[in-house]
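Asker: Chains A and B are the protein sequences, given in the same order.
Everything in the first sequence is counted per the working numbering, starting at 16 for the first residue and increasing by one.
Everything in the second sequence is counted per the working numbering, starting at 1199 for the first residue and increasing by one.
Glycine included, each C-beta is placed from N, C-alpha and C at the ideal position.
For clarity, every value in this text was computed on a predicted model and none was experimentally measured.
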Amino acid sequence: MPVSAGNGTRGVDDPRIPFSRLRRIVAILLAKIAGAFSRRLQQGGGTALPGLVAEHISPDLLGFLLSQVPAGAIFVTGTNGKTTTAALLRNILAADGRTVLHNATGSNLTRGVLSMLLAHTAWHGGLRVAPDGIAVLELDEAAIVQALRQHQPSSIVVTNLFRDQLDRYGEVQTIAAGLRSAFAQLDASTALLLNADDPLVASLGEAYGGPVRYFGLDDPNLARDDIELAADSHYCPHEATPLRYAAAYYGHLGEYVCPVCGWQRPERDVRVTKVVLHGFAGVDLTVSVPRENFRVRLRVPGLYNAYNALAATTAAWRLEAAAEAIAAGLNATIPAFGRAEFIEFGERKAWLLLIKNPVGANQVLRLLAAEGGSLHVLAILQDRAADGHDVSWIWDVDFECLASAALTAGGRRAEDMAVRLKYAGLEDITVLRDIANAFDHAAETMPAHKTLFILATYTGMLEMRRVWAERGLVRQFWEEDLA
Amino acid sequence: MKLVIGHLYPRLMNMYADRGNVICLEQRCRWRGIDVEVRSLSPGPLHNAAELDLLLVGGGQDREQLLASRDLVETKGPVLRDAMRDGLVALAVCGGYQLFGEYYRDHTGVELRGIEVLPAHTAHPGEGTQRCIGNIVTTWKGRKLVGFENHGGRTYLHDTAAALATVENGFGNNGEDRTEGAQWRNVYGTYLHGSLLPKNPAFADHLILQALQRRHGAALLPPLDDAVEASAHERALKIAGR
């Protein structure tokens, strides 16, 4: 099926199917009712249910609604950093004076995007959006393929591809192949904005017919000699040969070249040339876009967030946002909920840090290790669908660096986490499956004025926040979304 | 006393964090005062195979598995086969297990040769067929083994007596005959990730004891406090519905 030029939608206004308009109206009305019930029953934020309902009744509704966004859509995908990259980009565009539609809650399946759009949709299917409105949409690696069948965005950002929840997503190579074939169906109006430092992501730009822009890091001070063991895609996509790394930043990200065919990291359009890490306080970046350099303090911590800032900057630069707006938007962004969330309770403090795969978890542990001193750590491991049923991945995480920390393990698979910590050479681990109890124990056994670091898989993070919300320490994420 | 662990293709076959098996054997030896040396065995010729006491290999992505199989069959195969015939203790998981058999036929029908140590072959039933994914419980020598399996290929034993364990819950080798894994001499193949050994310390100690007997003639292994491991084992049994 051909794709219409520009920000097109396929066939939804085909006069031969007058029924589709009726279907749409029914879908929208039922979705709105479902959303209202879901919120009233406190079943959740209503972030997925309306979209789920609407999608069943009117499968092409997403494309129909997105076709009404005046300035089109930007899709953000990849394994790690989607939520933060989208949040950074939204804040940049807002600082640049634009109106942004954004699925801020991290509900990144097509149903989550639909639910967000439905909140701005009249019963007859008209999208209420400002004349300069633009959509910044986070989509997971599978959902983006579905979304691309219905809508062609102006840009697609790919942050990175790491091994993640194998029982749900499959192999990294399979995901890359899925993206590659979805991109091949697009006409040349969509720009691919790719992480040059990730060989697999960079290779997605090779055969693409439209514009491709790359971003990457160039700071020799941060380079390590060799990639970490948890790295995945460090093989040349053309030759069955390990890539040679002149600089390894984290995971398989770095400056690489194939010793056999010479394939190497592509030239970067947008670069970060200097990174100074300030632990949890943030990161100072020197950013270089064509014809301009600027410095910015990022308030999201860690080297991995420097990459997210790069990805967001590239998308903003492509949209011709002013450098001042880019710097302002980057600086205004605080971590997305649960990604690196800080709370104070009584005389104590806590950081809540999402971990979901080995490479990302190792980045978070690097942040902790840089804190120094005697750490207090609560590690929450769950195995629900959104976490991945297979907990094996924790064995590729370098928990060894938590030596001398006071440790509590929590969550549905707390015992598995305790075993992992024990074999990392750590001692005196308290195991409390119930997350509220685990938190209370970890907090109560910690001296006043200390900080508790909580590492949690996705549903563990949500449950920790639910406990805090019940105690009035935080607001639930859907309330923040409306704020 | 010292044992040498060979970790086969730690970078190529690293997909399902089977590194946990290496960590487990290493620590359980150290806690008992046994010296351990871990050697990473990357593609290329293998010298001093006779110095190895334990050999471990995990699962990889399809592409990496292809690279590993080429090296395994053409370069390291003959030496390793001799060592295993001589009693080398080996644990091969998932993709590694498949390569230890006679051949692996992929979803397009292409056959990849294995090193023919285990009396088994593996065939992928073709594109669009269900992968075998989920928590798994098996019975090995009257004990339960717990883990997580995730494989597209189905493995068939040439003699079901060569099975490592019997499936209680899950798919195992092929989802048909209730066999799981394979065994020949001191060589074990299995589909269980988890990682397998940390949650099944009795099986880990079985491997260590075999290696000690072969190298040092030791017949006893001092017990360790396995309360944490036992609770993870019990929890995995419960979650798998057993």
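Among all the DSSP beta bridges, which residues are the ones paired with Gln279 of chain A?
Answerer: If you number the first sequence from 1, residue 279 of chain A lands on position 264. Beta-bridge pairing links Gln279 of chain A to A:Val272.
Asker: Can you list, in chain order, the residues of its chain whose CB lies under 8 Å from that of Ala1360 of chain B, leaving out five sequence neighbours each side?
Answerer: On the second sequence, position 162 is the one that residue 1360 of chain B refers to. Correct list, in chain order: Leu1316, Pro1317, Ala1318, Ala1380, Gln1381, Trp1382.
Asker: Going by DSSP, name the residue or residues bridged to Arg1237 of chain B.
Answerer: The residue you call residue 1237 of chain B lines up with position 39 of the second sequence. Partner(s): B:Gly1204.
Asker: May I ask you to report which of helix, strand or coil DSSP gives Asp413 of chain A?
Answerer: Within the first sequence, residue 413 of chain A is the residue found at index 398, counting from 1. Coil at Asp413 of chain A, not helix or strand.
Asker: I'd like to know whether the C-beta of Leu1419 of chain B is nearer than 8 Å to at least one C-beta of chain A.
Answerer: In the second sequence, counting from the first residue as 1, residue 1419 of chain B sits at position 221. No, no contact with chain A.
Asker: When you compare the CB positions of Ser218 of chain A and Pro252 of chain A, do they come within less than 8 Å of one another, or not?
Answerer: Within the first sequence, the letter at position 203 stands for residue 218 of chain A. Within the first sequence, the letter at position 237 stands for residue 252 of chain A. A contact, by the Cβ cut-off of 8 Å.
Asker: Name, please, each residue of chain A whose Cβ falls closer than 8 Å to the Cβ of Cys1330 of chain B.
Answerer: Within the second sequence, numbered from 1, the residue matching residue 1330 of chain B stands at position 132. Within chain A, no residue comes near Cys1330 of chain B; the closest Cβ sits about 11 Å away, beyond 8 Å.
Asker: Tell me which residues share the same chain as Leu488 of chain A and place their Cβ nearer than 8 Å to its Cβ, disregarding the 5 neighbours each side in the sequence.
Answerer: In the first sequence, residue 488 of chain A corresponds to position 473, counting from 1. Cβ neighbours of Leu488 of chain A beyond the five flanking positions: Ile358, Phe360.
Asker: Which residue from A:Ile395, A:Phe79, A:Ala331, A:Leu142 puts its Cα closest to that of Ile409 of chain A?
Answerer: As a first step, residue 409 of chain A must be located in the first sequence, where it is residue number 394. When each option's Cα is compared against that of Ile409 of chain A, the closest is A:Ile395.
Asker: Please classify Asn308 of chain A as buried or exposed, where buried requires at least 16 other C-beta atoms within 10 Å of its C-beta.
Answerer: By one-based count along the first sequence, residue 308 of chain A stands at place 293. Exposed, since its Cβ has fewer than 16 Cβ neighbours within 10 Å.
Asker: Using a C-beta to C-beta distance shorter than 7 Å, which residues of chain C count as neighbours of Arg195 of chain A?
Answerer: Judged by its chain identifiers, the structure shown contains no chain C, and its protein chains are A and B.
Asker: Compute the Euclidean distance between the alpha carbons of Lys1200 of chain B and Val1234 of chain B, then round it to the nearest angstrom.
Answerer: Here residue 1200 of chain B corresponds to residue number 2 of the second sequence, with the count starting at 1. Here residue 1234 of chain B corresponds to residue number 36 of the second sequence, with the count starting at 1. When rounded, the distance between both Cα atoms is 6 Å.
Asker: Report yes or no: is there a C-beta of chain A within less than 8 Å of the C-beta of Met1199 of chain B?
Answerer: Sequence index remark: in the second sequence, residue 1199 of chain B carries index 1 (1-based). No, Met1199 of chain B does not count as interfacial toward chain A.
Asker: Of all the beta strand (DSSP E) runs that stay within the bounds of the stretch 291-345 of chain A, which reach a length of 3 or more residues?
Answerer: DSSP runs (the beta strand (DSSP E)) wholly in the stretch 291-345 of chain A: 298-304, 307-313.
Asker: So Glu1378 of chain B packs on Tyr1389 of chain B, CB below 8 Å; how close in whole Å?
Answerer: Within the second sequence, the letter at position 180 stands for residue 1378 of chain B. Within the second sequence, the letter at position 191 stands for residue 1389 of chain B. Contact holds; Cβ gap of about 7 Å.
Asker: Can you have a look at Trp332 of chain A and say buried or exposed, based on whether 16 or more other CB atoms are within 10 angstroms of its CB?
Answerer: As a working mapping, residue 332 of chain A is identified with position 317 in the first sequence. Burial call: buried.
Asker: Have a look at Leu181 of chain A and Gln1328 of chain B and give me their C-alpha separation to the nearest angstrom.
Answerer: Reading the first sequence from its first residue, position 166 is the one you call residue 181 of chain A. Reading the second sequence from its first residue, position 130 is the one you call residue 1328 of chain B. Straight-line Cα distance between these residues: approximately 14 Å.
Asker: Can you list the residues of chain A that Glu1427 of chain B reaches, using a CB-CB cut of under 7 Å?
Answerer: Here the question's residue 1427 of chain B lines up with position 229 in the second sequence. The contacting residues are Val434.
Asker: Use the C-beta contact count for Pro146 of chain A: other C-beta atoms within 10 angstroms, 16 or more gives buried, fewer gives exposed.
Answerer: The residue labelled residue 146 of chain A in the question sits at position 131 within the first sequence. When all chains shown are included, Pro146 of chain A counts as exposed.
Asker: Cβ of Glu243 of chain A less than 8 Å from any chain B Cβ?
Answerer: Counted from its first residue, the first sequence places residue 243 of chain A at position 228. So, not an interface residue.
Asker: Cα-Cα, which of A:Arg363, A:Ala343, A:Ile370 is closest to Gly353 of chain A?
Answerer: As a working mapping, residue 353 of chain A is identified with position 338 in the first sequence. When only C-alpha atoms are compared, the closest one is A:Ile370.
Asker: Give me the Cβ distance between Asn372 of chain A and Thr174 of chain A, rounded to the nearest whole Å; I'm assuming they're in contact under 8 Å.
Answerer: Position 357 of the first sequence, counting from 1, holds the residue named residue 372 of chain A. Position 159 of the first sequence, counting from 1, holds the residue named residue 174 of chain A. 13 Å between Cβ atoms; not a contact.
Asker: What residues in its chain sit with their C-beta under 6 Å from that of Ala429 of chain A, if we drop five residues either side in the sequence?
Answerer: If you number the first sequence from 1, residue 429 of chain A lands on position 414. Answer for Ala429 of chain A: Val446, Arg448, listed in chain order.
Asker: Give me the subset of the stretch 1219-1239 of chain B whose CB atoms are less than 7 Å from a CB atom of chain A, sorted by chain position.
Answerer: Correct list: Ile1221, Cys1222, Gln1225.
Asker: Please confirm whether Ala365 of chain A and Thr99 of chain A have their CB atoms less than 8 Å apart.
Answerer: By 1-based counting over the first sequence, the position of residue 365 of chain A is 350. By 1-based counting over the first sequence, the position of residue 99 of chain A is 84. Going by C-beta atoms, Ala365 of chain A is not nearer than 8 Å to Thr99 of chain A.
Asker: Where does Leu77 of chain A sit, in a helix, a strand or coil, going by DSSP?
Answerer: The sequence position of residue 77 of chain A within the first sequence is 62, counting from 1. Correct three-state label for Leu77 of chain A: helix.
Asker: Any idea what DSSP makes of Gly487 of chain A, helix, strand or coil?
Answerer: Indexing the first sequence from 1 puts residue 487 of chain A at position 472. Three-state DSSP puts Gly487 of chain A in coil, outside helix and strand.
Asker: Quick one: which chain A residues come within Cβ less than 8 Å of Asp1260 of chain B?
Answerer: Here the question's residue 1260 of chain B lines up with position 62 in the second sequence. The contacting residues are Glu186, Gln188.
Asker: Are His1391 of chain B and Asp1260 of chain B closer than 8 Å when you measure CB to CB?
Answerer: By one-based count along the second sequence, residue 1391 of chain B stands at place 193. By one-based count along the second sequence, residue 1260 of chain B stands at place 62. The answer is no: Cβ separation not under 8 Å.
Asker: Under three-state DSSP, which class holds Trp408 of chain A?
Answerer: By 1-based counting over the first sequence, the position of residue 408 of chain A is 393. Trp408 of chain A falls in the helix class under three-state DSSP.
Asker: Buried or exposed: which applies to Arg1209 of chain B, given that a residue is buried once 16 or more other Cβ atoms fall within 10 Å of its Cβ?
Answerer: Counting from 1 along the second sequence, the entry for residue 1209 of chain B is found at position 11. It is buried - the Cβ of Arg1209 of chain B has at least 16 other Cβ atoms within 10 Å.
Asker: Are the C-beta atoms of His1404 of chain B and some chain A residue less than 8 Å apart?
Answerer: Taking the second sequence and counting its residues from 1, one reaches residue 1404 of chain B at position 206. False, the Cβ-Cβ gap to chain A never drops below 8 Å.
Asker: Check this for me: beta carbons of Leu77 of chain A and Thr125 of chain A, under 8 Å apart or not?
Answerer: Counted from its first residue, the first sequence places residue 77 of chain A at position 62. Counted from its first residue, the first sequence places residue 125 of chain A at position 110. Yes. Within cutoff.
Asker: Identify the continuous beta strand (DSSP E) that holds Tyr1302 of chain B and give its terminal residues.
Answerer: Position 104 of the second sequence holds residue 1302 of chain B. Looking at the DSSP string, the run of the beta strand (DSSP E) that includes Tyr1302 of chain B is 1301-1303.
Asker: Please state the DSSP three-state secondary structure of Ser389 of chain A.
Answerer: Walking along the first sequence from the start, residue 389 of chain A turns up at place 374. Ser389 of chain A: coil per DSSP, three-state reduction.
Asker: In whole angstroms, what is the alpha-carbon distance linking Arg480 of chain A and Asp299 of chain A?
Answerer: Stepping through the first sequence from its first residue, residue 480 of chain A is reached at position 465. Stepping through the first sequence from its first residue, residue 299 of chain A is reached at position 284. Rounded to the nearest angstrom, the two C-alpha atoms are 29 Å apart.
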